[in-house]
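Contents: one structure, followed by commentary.
In my numbering, the protein residues as written are 1002 to 1168.
What follows is the structure, given as structure tokens:
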């Protein structure tokens, strides 16, 4: 599809500019592959459901690229990206406005999450004990509790904090 190819090229150009401005690698193949995957799967599915070609969609390459930088940078989760993308395809919404208004930014700062981790470990001493004695599935239980407590937390950061505090 000529229009899809043009959209992708414009989005990649924007994505490279966003990455350059935010200190990322503009030639990062992972970022480009992620954008291609989202475009050929999620965007294609949403457009198909609406019965609209990309040339008539309110989704812009600029906004799509912006969303991809948030995803690549770990500022949002893939679930959030898919949710926001659906709104963008539906009405051309700006991704940063949607994410901000719904408080969907992913919390990655260990200082912000350390309190939630300590609280969950303290509230679940058996799970903490079990993990210390070789039951590694207890870590998943604690991880789930922290994720519920600290909505928007980055799971990798939470896991690292749990492992550190459970040593």
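A virtual CB, placed ideally from N, CA and C, is assigned to each residue, including glycine.
Can you check DSSP and say which residues form a bridge with residue i?
i	result
residue 1174	This structure gives no information on residue 1174, because the portion of the chain shown stretches from 1002 to 1168.
Once DSSP output is grouped into helix, strand and coil, what is the label at residue i?
i	result
residue 1134	coil
residue 1061	coil
residue 1159	helix
residue 1003	helix
residue 1043	helix
residue 1055	helix
residue 1167	coil
residue 1011	helix
residue 1025	coil
Short check: CB of residue i to CB of residue j, under 7 angstroms?
i	j	result
residue 1114	residue 1161	no
residue 1088	residue 1105	no
residue 1056	residue 1004	yes
residue 1006	residue 1062	no
residue 1109	residue 1158	yes
residue 1016	residue 1043	no
residue 1155	residue 1107	yes
Leaving out five residues before and five after residue i in sequence, what residues of the same chain have Cβ atoms less than 8 angstroms from its Cβ?
i	result
residue 1102	none
residue 1031	1073
residue 1033	1013 and 1016
residue 1036	1009, 1012, 1013, 1016, 1065, 1066 and 1069
Quick one: residues in its chain with C-beta nearer than 7 angstroms to the C-beta of residue i, no 5 flanking neighbours on either side, listed in chain order?
i	result
residue 1019	1066, 1067 and 1070
So, at 6 angstroms on beta carbons, what are the nonlocal neighbours of residue i in its own chain, with the 5 sequence-adjacent residues on each side left out?
i	result
residue 1117	1147, 1150 and 1151
residue 1081	1105
Would you say residue i touches the ligand PLP, meaning its beta carbon is less than 6 angstroms from a heavy atom?
i	result
residue 1009	No copy of the ligand PLP occurs in the structure displayed, which carries no ligand at all.
Does the region 1126–1134 come close enough to the region 1083–1092 to have 3 or more Cβ pairs within less than 8 angstroms? As far as the Cβ criterion goes, the region 1126–1134 does not touch the region 1083–1092, which means the pair count is below three.
The region 1117–1124 / the region 1063–1080 touching (three or more Cβ pairs under 8 angstroms): Cβ pair count under 8 angstroms is below three, so no.
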